[in-house]
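Residues in the sequence shown are numbered from 0 upward in steps of one, following numbering that gives the first Met the number 0. We put the beta carbon where it would ideally sit given N, CA and C, even for glycine. Computed from a prediction, not measured in an experiment: that's the story for all the values here.
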Amino acid sequence: MLLESVLIFFNLLAVLSYLKFFNCQKHSPFSLSWWFWLTLTGVACSCAVGIKYMGVFTYVLVLGVAAVHAWHLLGDQTLSNVGADVQCCMRPACMGQMQMSQGVCVFCHLLARAVALLVIPVV
0 MLLESVLIFF NLLAVLSYLK FFNCQKHSPF SLSWWFWLTL TGVACSCAVG
50 IKYMGVFTYV LVLGVAAVHA WHLLGDQTLS NVGADVQCCM RPACMGQMQM
100 SQGVCVFCHL LARAVALLVI PVV
């Protein structure tokens, strides 16, 4: 019950950061702000899923919108094939990479805490 406000924050942050990423893509793809907003989208989606599994719906929404935008990129005649391929591969790769790396970091942190509790006796 207490996590709904944090979940709503990360859900809205994920959607907002993807919209900022999409607007940034129109003007300057592969710029620093392009990478920032794409990475922030992945981090926000990962945090939303990590708080409650209801965040999966936001994650699926963002991935669905990214798939539609990638489909439109494939039909864009002004982009080269390599540019369109890189953009289509970077979206799910960056969003999925953030999800996996945050999960691994949390697991390693919890594992280190458990080992520290077992090794260091409490006096």
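As the crow flies, the alpha-carbon of leucine 73 is around 11 Å from that of valine 85. Contiguous alpha helix (DSSP H) elements confined to the stretch 3 to 82 occur at 3 to 26, 31 to 50, 54 to 73, taking only those with 4 or more residues.
Here the alpha carbon of leucine 1 sits roughly 42 Å from the alpha carbon of alanine 83. For asparagine 10, the number of other beta carbons within 10 angstroms of its own is at least 16, and it is reported as buried.
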